[in-house]
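Chains A and B are the protein sequences, given in the same order.
Note that my numbering has the first sequence beginning at 1, numbered continuously upward.
Note that my numbering has the second sequence beginning at 1, numbered continuously upward.
Encoded as structure tokens, the structure appears first; notes follow it.
Protein chains: 2
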Amino acid sequence: MFSKACEYGIKAAIFIATKSYEDKRVSPKEIAEKINSPQAFTAKILQSLVRNDIVSSVKGAYGGFEIQKDRISQVKLAQIVKAIDGDSIYIGCGLGLEKCDENHPCPAHDKFKIVRDELQNMLENTTLEELALNIKSGSAFLKT
Amino acid sequence: MFSKACEYGIKAAIFIATKSYEDKRVSPKEIAEKINSPQAFTAKILQSLVRNDIVSSVKGAYGGFEIQKDRISQVKLAQIVKAIDGDSIYIGCGLGLEKCDENHPCPAHDKFKIVRDELQNMLENTTLEELALNIKSGSAFLKT
DNA sequence: TATAAATAGGATAAATTTATCCGAAATAAA
DNA sequence: TTTATTTCGGATAAATTTATCCTATTTATA
Numbered sequence: 001m002f003s004k005a006c007e008y009g010i011k012a013a014i015f016i017a018t019k020s021y022e023d024k025r026v027s028p029k030e031i032a033e034k035i036n037s038p039q040a041f042t043a044k045i046l047q048s049l050v051r052n053d054i055v056s057s058v059k060g061a062y063g064g065f066e067i068q069k070d071r072i073s074q075v076k077l078a079q080i081v082k083a084i085d086g087d088s089i090y091i092g093c094g095l096g097l098e099k100c101d102e103n104h105p106c107p108a109h110d111k112f113k114i115v116r117d118e119l120q121n122m123l124e125n126t127t128l129e130e131l132a133l134n135i136k137s138g139s140a141f142l143k144t
Numbered sequence: 001m002f003s004k005a006c007e008y009g010i011k012a013a014i015f016i017a018t019k020s021y022e023d024k025r026v027s028p029k030e031i032a033e034k035i036n037s038p039q040a041f042t043a044k045i046l047q048s049l050v051r052n053d054i055v056s057s058v059k060g061a062y063g064g065f066e067i068q069k070d071r072i073s074q075v076k077l078a079q080i081v082k083a084i085d086g087d088s089i090y091i092g093c094g095l096g097l098e099k100c101d102e103n104h105p106c107p108a109h110d111k112f113k114i115v116r117d118e119l120q121n122m123l124e125n126t127t128l129e130e131l132a133l134n135i136k137s138g139s140a141f142l143k144t
């Protein structure tokens, strides 16, 4: 459904959020360990989250990644997905037609539309806060 | 959402179905032209559709690909997707956890479940017949 | 039986995604 | 101001997906 990069990005953002509630910054090393991802690759993905203002970074000693506490509830899953994979997953055609809309639909357009709309709706209405709280409460996990 | 191979496979199956209604067999060349896909790659995908009993092939002169008319309404989109991409798209975890279920969920498990179930339901209840009829009636298209 | 027309399938190449490595730049603290 | 620590960013490698090429095999018809 999403690329590996996007999966890592979402999990990284969730982990950073949980730590930010405790006013702690985290390193790519710690993030990669906690979400079970390759460290250097994760660091690259973190950079695109920073460029897209989803997380913020502090360079130098005692630096690391963090999210302002009051922003955690504002960040939507859709923003993270869009920053890493783009929005073709819920905008583009399910059969890959370059142009696919009501006037020139692919044969499965209406069928896909229901699913895509459901996905888009979910991504736009799910906040980092909800997901991070699932981790903090111990009712969900970032790795197996 | 699906791989290129899967998109080509779905479109190829739909095109073969429309021709099979007219008792005509089609070649990879004609298929690739009509669905706007690379011919040799499409031929490979057709082979996996054949191996999975989704379409049938007749070798030699006057051969080609076809689907028995009475099977067109029996083939579900889910079968094609499973044959080419596997079923991880609606079975696997949205965040890539190896093990993700009610007892050990990822933080977005419930959110994803709704979308995945909707997708699975759509794929299992959409037949090749419906899709092919959209093409035959001229109300949908296989390329731009 | 010979021939032409098709699919089948292996080998390989190109493109994209995933992943690693290393040095530059920034920053807090001694 | 020096040092240790940390993110940033470019270069490169590995793996996977997408795509091409060529030959073998099959089969209907002349």
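Quick reminder that beta carbons are idealized off the backbone N, C-alpha and C, glycines included.
Please read all numbers here as calculations on a predicted model, not as lab measurements.
Among the residues of its own chain, which have a CB less than 8 Å from the CB of R25/B, if the five just before and after it don't count? Here residue 25/B refers to the residue found at position 25 when the second sequence is read from its first residue. Hits under 8 Å: K19, V58, Y62, G63, G64, F65, E66.
Check whether the Cβ of F141/B lies closer than 8 Å to any Cβ atom in chain A. Numbered from 1 along the second sequence, position 141 holds the residue referred to as residue 141/B. Output row for F141/B: interface = yes.
Under a three-way DSSP split, which group does D117/B fall into? The residue you call residue 117/B lines up with position 117 of the second sequence. D117/B falls in the helix class under three-state DSSP.
Between the segment 85–103 of chain A and chain B, which residues of the former have CB atoms less than 7 Å from a CB of the latter, in chain order? Those residues of the segment 85–103 of chain A that come within reach of chain B (Cβ to Cβ, closer than 7 Å) are I89, G94, L95, G96, L97, E98, K99.
Where DSSP assigns a beta bridge to S56/A, which residues make up the other side? Counting from 1 along the first sequence, the entry for residue 56/A is found at position 56. Assignment of beta-bridge partners to S56/A by DSSP yields E66/A.
May I have the straight-line CA-CA distance separating N52/A from S37/A, to the nearest angstrom? Counted from its first residue, the first sequence places residue 52/A at position 52. Counted from its first residue, the first sequence places residue 37/A at position 37. Taking the Cα positions, N52/A is about 21 Å away from S37/A.
Any C-beta of chain B within less than 7 Å: which residues of the segment 114–137 of chain A qualify? Here the close residues are I114, V115, E118, L119, M122, T126, L131, N134, I135.
Going by the DSSP bridge assignment, what does T127/B pair with across the sheet? Taking the first residue of the second sequence as position 1, residue 127/B is located at position 127. Looking at the DSSP assignment, T127/B forms a beta bridge with K76/B.
List the residues of chain A whose Cβ lies closer than 8 Å to the Cβ of I14/B, in chain order. Taking the first residue of the second sequence as 1, we reach residue 14/B at position 14. Going along chain A in sequence order, the residues near I14/B (Cβ under 8 Å) are P107.
Consult DSSP for D146/A and reduce its assignment to one of helix, strand or coil. In the structure as shown, chain A begins at 1 and stops at 144. Residue 146/A is therefore absent and cannot be evaluated.
Given G92/A as reference, the closest of T127/A, H109/A, L49/A once Cα atoms are compared: Stepping through the first sequence from its first residue, residue 92/A is reached at position 92. The candidate whose alpha carbon is nearest that of G92/A is H109/A.
From I35/B to S88/A, what does the alpha carbon distance come to, in whole angstroms? Residue mapping note: residue 35/B aligns to position 35 of the second sequence, counting from 1. Residue mapping note: residue 88/A aligns to position 88 of the first sequence, counting from 1. Rounded to the nearest whole angstrom, the C-alpha separation of I35/B and S88/A is 20 Å.
Please state the DSSP three-state secondary structure of D101/B. To locate residue 101/B, count along the second sequence from 1; it is residue 101. D101/B: strand per DSSP, three-state reduction.
Cβ contact (3+ pairs, closer than 8 Å) linking the segment 126–138 of chain A and the segment 73–85 of chain A: With a cut-off of 8 Å on Cβ pairs, the segment 126–138 of chain A is in contact with the segment 73–85 of chain A, counting three or more such pairs.
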